[in-house]
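Asks: For the sequence shown, the residue numbers in this note's numbering are 26 to 373.
Glycine included, each C-beta is placed from N, C-alpha and C at the ideal position.
Below you'll find the structure I mean.
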Amino acid sequence: MNIAWLPRYDTQGASSRYRFFMYFQHWSQLKTQDNIAIYPGLSNKYLQELYQHGKVGKLRQARELARLFKRTWALPENLIIEYELIPALPWKYEKILLKNHRYILNFDDNVWVKYKNNPALIDKYDQLCRNAAGIIAANHFLLEKVQKLNKNCCMIPTVVDLDKYSVQKEKFEKFTLVWIGTPVTYCYLEQHLPILQQLTADGSCELLIIADSNLQYTRKLPGVQARYVNWSSECENELLSCSHVGIMPLTDDDFSQGKSAFKLLQYQASGLPLIASPVGENNQVVKPGKNGFLPENAAGWLAACQALQNDQTLYENCSKYARSCAYDYSIQKYFSIYREFVLNTFGQ
C-alpha cells in the first residue's frame, strides 16, 4: 500500500512531531511491503520566525506556500493529512488538489475556530471531513464534532513514547512547578498571572518554563519567580523529571475545549503529579486526589500546590499513580490501533 503523511509542520511543530513523525518512524521500522513517505509542512525556519517575532514575513509566507503546493505533486492515492492540505486555501480549490486521492484527516485542536469569521473558509473543515475516507481525533470534544460529519472516525490521543521518558528521583533543590509549551500557548500562563504570582510569592517554589527562553525578555511574567529554558528534545525529559509538579492552566473557551492535554501526558510519563484547569480533556486525564488536582480558582491552585509540597505521602502516591497511567497514553499502546485504522480505512 502506498501512503503519504502530510503533517502541518516539520519536526519542530509539536503536533506534527507526535501525531505524524513518531507514527511514521514506528511504521517505517516494520518489515512490510507498504510504500510510505512523509512530506513535512511549514518549515522549522517558519516556526522559529513565528516564535521569535510573533508573526511571519510575507517573503517567508510566499516561500512556504509555494513549497506546500509543490509537495502536492505526484502524491500517492492514500494521504494522511494534518488539518488541511493547504492552510487558508478555500475548499473549492483544495478539493481539486484532492480529487484523485483518498485521505484521512488528523485533528488535535479545534482549528474550526480560526476560520469562523472568514466567509471563504468558514465551512472548509466541515467539507474536508464530509469527503474524508476517515478521521482521527485526539480527544472526546473533537471526536464528537467530527462524528457529526463522517461515520468513519477514531479517537487516538496525542501520545508519548515511554522509551523516552523516565522517572527521576533526584529533584531540583527548590520545589519546582513546570510548564512546557510554545510562545503561542504561553498566553495561558499570562492569563493566569495572579495565580502564578501567588504560587511563587513566598519563595519556597519556582516556575520552570520550558519553551523559548527569549520569552523572559519579551513577555516576562511580572512578580513570578520563574526560570526559562529553551526547549530541546535532548533536555526535555531531564528537565521534566527533575521538576516536582506539572501544570496546565487553561481558559474555558471553544479553542481550549478542543485541546488534548498533551502537556499532562508528558508530565505523567515523567512521574509528575498534575495541577490543571478543569477544561476539556484535562478532566479526562486528571483524577483528583490520585494523580493530581483540578482547581477551579486561585485558592484551589494554592491549596493543591501546598498539599503536594508539604505532604510527602500524598506527593509520592500521586507520582506513582501518574506514571502508572502513562501506558494508557503511549505509542506503545496506540500504534497498533492507529495502523489498523489506517489500513482498514484505505481498504487493505
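Under 8 angstroms Cβ to Cβ from G79, same chain only, skipping five residues before and after it: list those, please.
Replies: For this step, residue 79 is matched to residue 54 along the sequence shown. Closer than 8 angstroms at Cβ, skipping near neighbours: P208.
Asks: Go to E107, then tell me how far its beta strand (DSSP E) extends in each direction, as first and last residue.
Replies: Walking along the sequence shown from the start, residue 107 turns up at place 82. Per DSSP, E107 belongs to the beta strand (DSSP E) from 103–107.
Asks: Could you check what DSSP says for C260 in three-state terms: helix, strand or coil?
Replies: As a position in the sequence shown, residue 260 is number 235, starting the count at 1. Coil at C260, not helix or strand.
Asks: Determine the DSSP secondary structure at N423, reduced to helix, strand or coil.
Replies: Residue 423 is absent from the structure shown; the chain starts at 26 and stops at 373.
Asks: Which residues does DSSP pair with F132 in a beta bridge?
Replies: Position 107 of the sequence shown holds residue 132. DSSP, once it has assigned bridges, lists A162 as partnering F132.
Asks: Report all residues from its chain with a CB closer than 8 angstroms to the CB of A29; omit the five preceding and five following residues, and keep chain order.
Replies: For the purposes of this step, residue 29 is identified with residue 4 of the sequence shown, where counting begins at 1. Cβ within range, chain order: I61, A62, I63, Y64, L100, P101, N103, L104, I105.
Asks: Of the choices I147, E321, E306, G206, whose alpha-carbon is the least far from that of Y76?
Replies: Within the sequence shown, numbered from 1, the residue matching residue 76 stands at position 51. The candidate whose alpha carbon is nearest that of Y76 is G206.
Asks: Within 10 Å of its beta-carbon, does N316 have 16 or more other beta-carbons around it, so buried, or fewer, so exposed?
Replies: On the sequence shown, position 291 is the one that residue 316 refers to. Buried: at least 16 other Cβ atoms inside 10 Å.
Asks: Distance check for E74 and L221, CA to CA, integer angstroms please.
Replies: As a first step, residue 221 is located in the sequence shown; it is residue number 196 there, counting from the start. As a first step, residue 74 is located in the sequence shown; it is residue number 49 there, counting from the start. Whole-angstrom Cα-Cα distance: 28 angstroms.
Asks: Cα separation between H217 and P274?
Replies: Sequence index remark: in the sequence shown, residue 217 carries index 192 (1-based). Sequence index remark: in the sequence shown, residue 274 carries index 249 (1-based). If I take the Cα positions, the gap works out to 7 angstroms.
Asks: Are there three or more Cβ pairs, one per stretch, closer than 8 angstroms when the stretch 259–273 is compared with the stretch 163–173?
Replies: The stretch 259–273 vs the stretch 163–173: no contact.
Asks: Go to Y292, then tell me how far its alpha helix (DSSP H) extends in each direction, as first and last residue.
Replies: The count along the sequence shown starts at 1 and reaches residue 292 at position 267. 287–294 is the extent of the alpha helix (DSSP H) around Y292.
Asks: Are the beta-carbon atoms of L233 and V203 separated by less than 8 angstroms?
Replies: Counting from 1 along the sequence shown, the entry for residue 233 is found at position 208. Counting from 1 along the sequence shown, the entry for residue 203 is found at position 178. Yes. Within cutoff.
Asks: What is the C-beta distance between T183 and D133, in whole angstroms, given that I count them as a contact (C-beta under 8 angstroms)?
Replies: Locating residue 183 in the sequence shown gives position 158, counting from the first residue. Locating residue 133 in the sequence shown gives position 108, counting from the first residue. T183 to D133, Cβ: 5 angstroms. Contact.
Asks: Where DSSP assigns a beta bridge to M180, which residues make up the other side?
Replies: Taking the sequence shown and counting its residues from 1, one reaches residue 180 at position 155. A162.
Asks: Tell me the residue span of the alpha helix (DSSP H) that contains I362.
Replies: Numbered from its first residue, the sequence shown carries residue 362 at position 337. That run of the alpha helix (DSSP H) goes 356–370.
Asks: Could you compute how far the alpha carbon of I318 sits from the alpha carbon of Q291?
Replies: In the sequence shown, the residue the question calls residue 318 occupies position 293. In the sequence shown, the residue the question calls residue 291 occupies position 266. Residue identity check: residue 318 is Phe in the sequence provided, not Ile. Going by the C-alpha atoms only, they are around 16 angstroms apart.
Asks: Return the Cβ separation of L130 and A87 in integer angstroms, given the expectation that the two are a contact with Cβ distance under 8 angstroms.
Replies: As a first step, residue 130 must be located in the sequence shown, where it is residue number 105. As a first step, residue 87 must be located in the sequence shown, where it is residue number 62. Their Cβ separation, rounded to whole angstroms, is 26 angstroms, which puts L130 and A87 out of contact at 8 angstroms.
Asks: Does the separation of the CB atoms of Y150 and W137 fall below 8 angstroms?
Replies: Residue numbering aside, residue 150 sits at position 125 when the sequence shown is read from its first letter. Residue numbering aside, residue 137 sits at position 112 when the sequence shown is read from its first letter. Yes, they are a contact pair.
Asks: Evaluate the contact criterion for the stretch 279–289 versus the stretch 241–261: three or more CB pairs, one atom per stretch, below 8 angstroms.
Replies: With a cut-off of 8 angstroms, the stretch 241–261 and the stretch 279–289 do not count as touching, because too few Cβ pairs lie within range.
Asks: According to DSSP, simplified to helix, strand and coil, what is P32?
Replies: Locating residue 32 in the sequence shown gives position 7, where the first residue counts as 1. Residue state, collapsed to three classes: coil.
Asks: Helix, strand or coil for I111, going by three-state DSSP, please let me know.
Replies: As a working mapping, residue 111 is identified with position 86 in the sequence shown. It is coil, neither helix nor strand.
Asks: Express the C-alpha separation of N143 and L84 in angstroms, rounding to a whole number.
Replies: To locate residue 84, count along the sequence shown from 1; it is residue 59. To locate residue 143, count along the sequence shown from 1; it is residue 118. Distance between the alpha carbons of L84 and N143: 23 angstroms.
Asks: Contact check, G159 vs F366 under 8 angstroms by CB: the rounded distance?
Replies: Position 134 of the sequence shown, counted from the start, is the residue given in the question as residue 159. Position 341 of the sequence shown, counted from the start, is the residue given in the question as residue 366. Correct: roughly 7 angstroms between the Cβ atoms.
Asks: Please check if any C-beta of chain D sits within less than 8 angstroms of the C-beta of P219.
Replies: The structure shown has no chain D; it contains just one protein chain.
Asks: Can you give the Cα-Cα distance for K95 and A329, rounded to whole angstroms?
Replies: Counted from its first residue, the sequence shown places residue 95 at position 70. Counted from its first residue, the sequence shown places residue 329 at position 304. Rounded to whole angstroms, K95 to A329 spans 51 angstroms at the Cα level.
Asks: Is N371 near R155, with beta carbons less than 8 angstroms apart?
Replies: Position 346 of the sequence shown, counted from the start, is the residue given in the question as residue 371. Position 130 of the sequence shown, counted from the start, is the residue given in the question as residue 155. Here the sequence assigns Phe to residue 371, which means Asn is not the residue at that position. Taking 8 angstroms as the Cβ cut-off, F371 and R155 do not qualify as a contacting pair.
Asks: When the Cα atoms are used, what is the spatial distance from G38 to V81?
Replies: The count along the sequence shown starts at 1 and reaches residue 38 at position 13. The count along the sequence shown starts at 1 and reaches residue 81 at position 56. So the alpha carbons of these two residues sit roughly 15 angstroms apart.
Asks: Have a look at Q152 and L174 and give me their C-alpha separation to the nearest angstrom.
Replies: Looking up residue 152 in the sequence shown gives position 127. Looking up residue 174 in the sequence shown gives position 149. In a straight line, the C-alpha of Q152 is about 8 angstroms away from that of L174.
Asks: Measuring alpha carbon to alpha carbon, tell me which of K56, L187, Q334, P115 ends up nearest C230.
Replies: Here residue 230 refers to the residue found at position 205 when the sequence shown is read from its first residue. The residue with the shortest Cα to Cα distance from C230 is Q334.
Asks: For a quick check, are the C-beta atoms of A351 and L187 less than 8 angstroms apart?
Replies: As a first step, residue 351 is located in the sequence shown; it is residue number 326 there, counting from the start. As a first step, residue 187 is located in the sequence shown; it is residue number 162 there, counting from the start. Yes, these two residues count as a Cβ contact at 8 angstroms.
Asks: Would you tell me roughly how many angstroms separate the C-alpha atoms of V304 and W116, rounded to the nearest one?
Replies: Position 279 of the sequence shown, counted from the start, is the residue given in the question as residue 304. Position 91 of the sequence shown, counted from the start, is the residue given in the question as residue 116. Approximately 31 angstroms between the Cα atoms of the pair.
Asks: Would you kindly report the start and end of the unbroken beta strand (DSSP E) that includes W204?
Replies: The count along the sequence shown starts at 1 and reaches residue 204 at position 179. Where W204 is concerned, the enclosing beta strand (DSSP E) stretches over 200–205.
Asks: To the nearest whole angstrom, what separates the beta carbons of C179 and Q172, a pair I think is in contact under 8 angstroms?
Replies: By one-based count along the sequence shown, residue 179 stands at place 154. By one-based count along the sequence shown, residue 172 stands at place 147. With a Cβ gap of about 10 angstroms, C179 and Q172 do not count as contacting.
Asks: Put Y377 into one of helix, strand or coil per three-state DSSP.
Replies: There is simply no residue 377 to check, as the chain begins at 26 and stops at 373 in what is shown.
Asks: For E231, name the three-state secondary structure that DSSP assigns.
Replies: Reading the sequence shown from its first residue, position 206 is the one you call residue 231. Correct three-state label for E231: strand.
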